[in-house]
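Peer 1: Let me begin by handing over the structure; questions about it come next.
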Amino acid sequence: MDAPFLILTVLAATVINVAVLCSGGITSSFVRNVEKSEDMPLDSDVFKVPPGYNAPQQVHITQGDHVGKAVIVSWVTVDEPGSNNVLYWDEKTNHKKHAKGTVTKYKFYNYTSGFIHHCTIKKLKYDTKYYYEVGIGQTARKFWFITPPEVGPDVPYTFGLIGDLGQTYDSNRTLTHYEWNPIKGQTVLFVGDLSYADNYPNHDNVRWDTWGRFVERSVAYQPWIWTTGNHELDFAPEIGETKPFKPFTHRYRTPYKASHSTAPFWYSIKRASAYIIVLSSYSAYGKYTPQYQWLEEELPKVNRSETPWLIVLLHSPWYNSYNYHYMEGESMRVMYEPWFVKHKVDIVFSGHVHAYERSERVSNIAYNIVNGKCSPVNDQSAPVYITIGDGGNIEGLANSMTEPQPKYSAYREASFGHATLEIKNRTHAYYSWHRNQDGYAVQADSMWFFNRFWHQIDDSTTSARS
Ligand SMILES: *[C@@H]1O[C@H](CO)[C@@H](O)[C@H](O)[C@H]1NC(C)=O
Ligand SMILES: *[C@@H]1O[C@H](CO)[C@@H](O)[C@H](O)[C@H]1NC(C)=O
Ligand SMILES: *[C@@H]1O[C@H](CO)[C@@H](O)[C@H](O)[C@H]1NC(C)=O
Ligand SMILES: *[C@@H]1O[C@H](CO)[C@@H](O)[C@H](O)[C@H]1NC(C)=O
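Count the sequence shown with mature numbering (1 follows the signal peptide of the UniProt record, and there is no 0) and you get residues -22 to -1, 1 to 444, in order.
The following block contains the structure:
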C-alpha cells in the first residue's frame, strides 16, 4: 500500500507543479463596475481656486537635489507675477529664511498660462519638519513638509506609488485611499501621465490647472517624484504645437542637473536607503543618445553599501500581459534589460496600462538573433516589474488580458488603486497594492521584497505557492 501511495503523491505534486508553471500566476477574479470614468466637472470642490487677489494655487513640491537636502517649491499666480520668494522655517527654531525663485509662463494654442513660480530651497537639515509660505499679504498660504533622513543603508522609508492619475471621480478615490492608507507614504513615486488635459480639444490646458489644484492637498506636503508619460508629450502639430513636453516642463521641475543629466526627463535621486532612477519612454533611448549615455554611466555609480535599494521608474512597461499597449515597451527593454540584470535592479515601476500587474523575477536577455533563445526565464538577478497605471483616469480600465496568463506574470487585476513600498532595512522591504473598492487598510496584493544585492534569495510568490 505504501509504495503506490507514495508514487501517487509524487505524481500529484508534479501535476500541481506543472500546472503552476504553465499557468503563471494569479488573474484576480475580483469583479468591479467597469463604467467609463468621467472627469470631475470644473466646478468640483477639488478644483476650487483659493480665495483672494493673486492667491497662490497648484502648490507642489519635489526633491531639489541628489540627496534630499533641497526641495523645489512650485506654484501659480493668476492676476500678476507677484513674489517668487518662499519663506521657510524649521519647526524647532522658528528662524525664518527666504529663498528666491523664478517665474515663467507659456502659451499653448489659444491658452495662456498663469505665472508659474519655481523656487529651490537648499541646505535643509535631514529628517526635519519645515513650514513654508508662498504669496504675499493677505493671500499668503502656508504649508509644511518633512525632509528625508540622511542617506544610509538601513534607513527605513515608505514610498507611495501612483500612476496615470488624471482627474476623474476614480482619480479622487485613488488619492483619497493613498491619503487614508494606514501605511503612511512619505513620498510619491509617480510613474507618469498626470492631467490628461490632452484628451480635451486643443489639449485645453485649463485641465492642467485643475489637476494642479486637485493634487495640491498631497503634493504641497510631500514630494512627488515625476516621471513623464505619453500624456505629457502634448505634441499637436495640427494646432502648431510642436515642442514636446511644453506644458509639463513649464509647470514641473525635476532635479536632473544634480545627477548630471542633460534633460528633465531622465535623472536620479537618493532618498533614505533608495536610489531611484527615472527614465523617459518618450525620449530617444537608442545607442549614442543622451539618455543611453547617461544611464550607461549612471548605473555603475550606484553604491549599494550606501543605497541598497535600486528602483527604476518608467512609463511604458516592459513586462505587460494586457491587450493594451502590448509590447510598446519592447524596444527599450531590448536596449536596457541586460544592464538592469547586471546591476541587480530591485524593482521597476511603470504605468501606461490602466490596471495592475506584478511580475516574477524574469529576464529575457539571451537572444542574439540566431540562437532562438527568446523566452523570459526565471532570473534571481532580475527586477520585479510592477505596472501601477491604475490611478483612475478618463480613459477607463484595461480589462482585456492575454490568455493564458504568461509565466512571468505573478498577479494581475483590472482595478484602480495605488501601492506602497515600505523599506525596512538593507535586506527587507514590504510591498502592498490597495484597490479603491476596499477599505483603506485592505491589501489586495502584497509581498516581501528581498534586496538583490544584500539578500539575493528567491522571493517569488508563485514558487512559494507550489
Ligand atoms: C480656444 O479656441 C476654441 C476653439 O478653437 C474655443 O472654443 C475656446 O473658447 C478658445 N479659448 C480661448 C481661451 O480663447
Ligand atoms: C474628492 O475626495 C475628497 C476626499 O475624500 C472629498 O472631500 C471630495 O468631496 C471629493 N470630490 C469629488 C468631486 O468627488
Ligand atoms: C560606498 O558607500 C560606503 C558607505 O557609505 C562607503 O564607505 C564607500 O566608501 C562607498 N564606496 C565608494 C566606491 O564610493
Ligand atoms: C530587516 O527587516 C526585517 C523585516 O522587518 C527583519 O525581519 C530583519 O530582522 C531585519 N534585519 C536586521 C538586520 O535587522
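Heads up, the beta-carbon is just placed ideally off N, CA and C, and yes, glycines get one too.
#1: I'd like to confirm something about Glu284: is its beta-carbon nearer than 7 Å to some heavy atom of ligand 3, or not?
#2: Pick from Ile247, Pro19, Tyr84: whose alpha carbon is nearest that of Tyr234?
#3: Going by alpha carbons, who is nearest to Phe168 out of Lys26, Phe93, Ser258?
#4: Can you grab the Cα-Cα spacing for the pair Gln415 / Arg10, in whole Å?
#5: Using the DSSP secondary-structure output, state which residues sit across from Thr146 in a beta bridge.
#6: Output needed for Leu102: all residues of its chain with C-beta closer than 6 Å, excluding positions within five of it in sequence on either side, in chain order.
#7: Under 7 Å from any heavy atom of ligand 2, does the C-beta of Thr380 make it?
#8: If the criterion is Cβ atoms closer than 8 Å, does the pair Tyr104 and Pro127 meet it?
#9: Between which two residues does the alpha helix (DSSP H) harbouring Thr188 extend?
#10: For Val348, does the three-state DSSP call read helix, strand or coil?
#11: Examine chain D for any beta-carbon lying closer than 8 Å to the beta-carbon of Ile4, and answer yes or no.
#12: Nearest to Glu210 by alpha carbon, out of Val193, Pro201, Arg229, Gly218?
#13: Pairing CB atoms from the region 141 to 150 with CB atoms from the region 370 to 378, are three or more of them under 8 Å?
#14: Does the region 47 to 58 come into contact with the region 136 to 143, if we say contact requires no fewer than three beta-carbon pairs (one atom in each stretch) closer than 8 Å?
#15: Restricting to Cα atoms, I'd like to know which of Ala262, Asp176, Tyr66 is closest to Ser309.
#16: I want to check one thing, is the minimum distance from the CB of Val24 to the heavy atoms of ligand 2 below 7 Å?
#17: Using a 10 Å radius around the Cβ and a threshold of 16 neighbouring Cβ atoms, would you call Pro242 buried or exposed?
#18: Since I believe Leu288 is in contact with Val323 (beta carbons under 8 Å), could you give me their beta-carbon distance rounded to a whole number of angstroms?
#19: Does DSSP put Phe25 in a helix, in a strand, or in coil?
#20: Would you call the CB atoms of Ile401 and Tyr135 closer than 8 Å?
Peer 2: From the atom records:
#1: Under cutoff, so the answer is yes.
#2: With distances taken between Cα atoms, Tyr234 lies closest to Ile247.
#3: Taking only the C-alpha atoms, the option nearest Phe168 is Ser258.
#4: Taking C-alpha positions only, Gln415 is separated from Arg10 by approximately 8 Å.
#5: Looking at the DSSP assignment, Thr146 forms a beta bridge with Asp17.
#6: The beta carbon of Leu102 is closer than 6 Å to those of Lys47, Thr125 in its chain, skipping five residues each way along the sequence.
#7: No, since every heavy atom of ligand 2 falls outside the 7 Å radius drawn around the Cβ of Thr380.
#8: Against a cut-off of 8 Å, the Cβ pair of Pro127 and Tyr104 comes out as a contact.
#9: 184 to 197 is the extent of the alpha helix (DSSP H) around Thr188.
#10: Val348 falls in the coil class under three-state DSSP.
#11: This model lacks chain D altogether, as it is built from one protein chain only.
#12: Residue Arg229 is the option with its Cα nearest to Glu210.
#13: Output reads yes: the region 370 to 378 touches the region 141 to 150.
#14: No, the region 47 to 58 is not in contact with the region 136 to 143.
#15: Ranking the options by Cα distance to Ser309, first place goes to Ala262.
#16: Relative to ligand 2, the nearest heavy atom lies less than 7 Å away from the CB of Val24.
#17: Pro242 is buried by the Cβ-count criterion.
#18: About 5 Å separates the beta carbons of Val323 and Leu288, which is inside the 8 Å limit, making them a contact pair.
#19: DSSP, read as helix, strand or coil, puts Phe25 in helix.
#20: Yes, these two residues count as a Cβ contact at 8 Å.
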